[in-house]
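**Q** My questions will all concern the structure given below.
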Amino acid sequence: MELNVSTASQGGHAVVTATGELDLYTAPRLQTALAGLLREQQVDRIVVDLSGVEFCDSTGMNVLLAAMKRLKEQGGMLELAAPRPAVKRILQVTGLDTVFSVTDAVPAMDAG
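Take the sequence shown: its letters are residues 648 to 759, numbered as in my numbering.
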């Protein structure tokens, strides 16, 4: 299964949309997208839209954790949006639902 990652940013906010399976083989794709945003340092809030992610393993979680930690160090925040039940369960089982800011809805980005 592939993982597709797209990014939209506006002002200091960015939405990273991931679709597919987030695992050992596909996690570098998400990591690259997040690293690019963190390098620019013009973003103080990143929302990762997980509504299209059907599976996420520990590698995927580690990518998200590392990005959250780096963003916090830069004074920003990372949120996870709309995780599917399988991903939500992983967050709950690992206790990461208390570490990440998790929202049920994906914030709308103004087109323009």
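Beta carbons: idealized from backbone N, C-alpha and C, even for Gly.
From a predicted model like this one, the values you see are computed outputs, not experimental measurements.
1. Mind reading off the beta-carbon distance from Ala661 to Gly707? Whole number of angstroms is fine, and I expect it under 8 Å.
2. How about Leu727 and Leu697: do their beta carbons lie closer than 7 Å?
3. Going by DSSP, what residues sit across from Glu668 in a beta bridge?
4. Within its chain, find whatever has a CB closer than 7 Å to the CB of Ala680; leave out the 5 residues flanking it on each side and keep chain order.
5. Measuring straight from C-alpha to C-alpha, what distance separates Thr741 and Ala682?
6. Alpha carbon to alpha carbon, what distance is there between Val694 and Pro754?
7. Work out the CA separation of Phe747 and Arg736 for me, nearest whole Å.
8. I think Leu712 touches Leu677, with their Cβ atoms under 8 Å apart; what is that distance to the nearest whole Å?
9. Quick check: the Cα distance between Pro732 and Gly699, rounded to an integer number of angstroms?
**A** Short version:
1. Residue 661 sits at position 14 when you count from the first residue of the sequence shown. Residue 707 sits at position 60 when you count from the first residue of the sequence shown. Contact between Ala661 and Gly707 is absent: CB atoms are separated by about 18 Å, not below the 8 Å threshold.
2. As a working note, residue 727 is residue 80 in the sequence shown. As a working note, residue 697 is residue 50 in the sequence shown. In contact: Leu727 and Leu697 (Cβ atoms closer than 7 Å).
3. The residue given as residue 668 occupies position 21 in the sequence shown. In the DSSP output, where bridge partners are listed per residue, Glu668 has Phe702.
4. Position 33 of the sequence shown, counted from the start, is the residue given in the question as residue 680. In the same chain as Ala680, and ignoring 5 residues on each side of it, the C-beta atoms closer than 7 Å to its own belong to Val652, Thr654 and Val663, in chain order.
5. Against the sequence shown, residue 741 aligns to sequence position 94. Against the sequence shown, residue 682 aligns to sequence position 35. Rounded to the nearest whole angstrom, the C-alpha separation of Thr741 and Ala682 is 24 Å.
6. Residue numbering aside, residue 754 sits at position 107 when the sequence shown is read from its first letter. Residue numbering aside, residue 694 sits at position 47 when the sequence shown is read from its first letter. Roughly 8 Å between the two C-alpha positions.
7. In the sequence shown, residue 736 corresponds to position 89, counting from 1. In the sequence shown, residue 747 corresponds to position 100, counting from 1. Using only the alpha carbons, I get a separation of about 13 Å.
8. Residue 712 sits at position 65 when you count from the first residue of the sequence shown. Residue 677 sits at position 30 when you count from the first residue of the sequence shown. Contact doesn't hold; Cβ gap of about 12 Å is too wide.
9. For this step, residue 732 is matched to residue 85 along the sequence shown. For this step, residue 699 is matched to residue 52 along the sequence shown. Looking at the backbone, the Cα of Pro732 and that of Gly699 are separated by about 11 Å.
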